[in-house]
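Undergrad: One structure, as structure tokens, below. Some questions next.
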Amino acid sequence: MNRKFEIIGLIIVWFAIMAQLYLIIQHRQASVFETLIRFVSFFTVLTNTLVALYFTTIIFKLKAFPFSILSSKGALTAITTFILIVGLVYQLVLRGIWQPTGLQYFVDELLHTIVPVYVLIYWCFKVDKFSIQSKNLIPWLLYPLFYLIFILVRGYYSGFYPYPFLNVSEIGFLKALLNIGLIIGVTMLLFGVLMFLGKLILRKKIRTDNSNHLS
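Residue numbers (this note's numbering): 311 to 525.
Encoded structure:
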């Protein structure tokens, strides 16, 4: 994959994150500190930040912890899965109840549509046999798990839930728990889909390489 593709990805994602930070502070309804906490309470923001940090790690060849985690086997497939979750949830659940305008609309499309598609395309070119092994993917489930625990605990004490389908105050704990189960299930399903798709891509690459050697 051309390094330019990675640089463009880095620019797009960091711009979208910084623009969203500017917008949420500009239109804040709480203190700056509380607004910043709410900002990082969005799975969209955290996952796009993961994408941005991944591109940063790859481009600048960062080896020190915690950047080493982002260049580890399975990291790209896991990050691709999570950013696809961001896109799917927005398109299927949130788009109908949220109609942003102006710069917010542009930033929303970057974070929820452009970046997920961009990362998926990038993944298709970069996937290797190590990135689709289940043993390298399972540990990444700690990310959404810890996120959900954080949101539920903080929401209980602060009353702020970033997403309506996690708002225990509005929909009740049982329904929120069911929604969480659904999210985890979809995540596992996407892991499986990407593992299957990755195997198909690798088989095609092998056939192509063999054909080139024979020709």
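Ideal Cβ positions, reconstructed from N, Cα and C, are used throughout, including at glycine.
According to DSSP, is residue 477 part of a helix, a strand, or is it coil?
TA: If DSSP states are grouped into helix, strand and coil, residue 477 belongs with coil.
Undergrad: Would you call the CB atoms of residue 330 and residue 421 closer than 8 Å?
TA: Contact: yes.
Undergrad: Which residue comes first and which comes last in the alpha helix (DSSP H) that contains residue 438?
TA: First-last for residue 438: undefined, no H or E at that position.
Undergrad: I'd like the ranges of any alpha helix (DSSP H) spanning at least 4 consecutive residues and lying wholly in the stretch 348-431.
TA: List check, alpha helix (DSSP H) in window: 353-370, 377-380, 385-399 and 412-419.
Undergrad: Suppose contacts are defined by Cβ-Cβ distances below 8 Å. Is residue 450 in contact with residue 362 by that definition?
TA: No; because the gap between Cβ atoms is not below 8 Å, this pair is not in contact.
Undergrad: May I have the straight-line CA-CA distance separating residue 492 from residue 440, to the nearest angstrom?
TA: If you take the alpha carbons of residue 492 and residue 440, they lie about 27 Å apart.
Undergrad: Rounding to the nearest angstrom, what Cα-Cα distance links residue 477 and residue 486 in this structure?
TA: Answer to the nearest angstrom: the Cα atoms are 7 Å apart.
Undergrad: Rounded to a whole number of angstroms, what is the C-alpha to C-alpha distance between residue 384 and residue 418?
TA: When rounded, the distance between both Cα atoms is 27 Å.
Undergrad: Taking only the alpha-carbon atoms, compute the straight-line gap between residue 359 and residue 352 and give it to the nearest angstrom.
TA: Answer to the nearest angstrom: the Cα atoms are 11 Å apart.
Undergrad: Cβ atoms of residue 355 and residue 327: under 8 Å apart, would you say?
TA: It is a contact, given that the beta carbons lie within the stated cut-off.
Undergrad: Anyone know if the C-beta pair for residue 346 and residue 413 falls short of 8 Å?
TA: No, the pair does not count as a contact, with Cβ atoms beyond the cut-off.
Undergrad: What does the Cβ neighbour count give for residue 408, buried or exposed, with the cut at 16 atoms within 10 Å?
TA: That one is exposed.
Undergrad: Indicate the three-state DSSP secondary structure (helix, strand or coil) for residue 517 in the structure shown.
TA: It is helical.
Undergrad: What whole-angstrom Cβ distance do residue 368 and residue 381 have, given they're in contact under 8 Å?
TA: Yes, they are in contact, since the Cβ atoms of residue 368 and residue 381 sit about 7 Å apart, within 8 Å.
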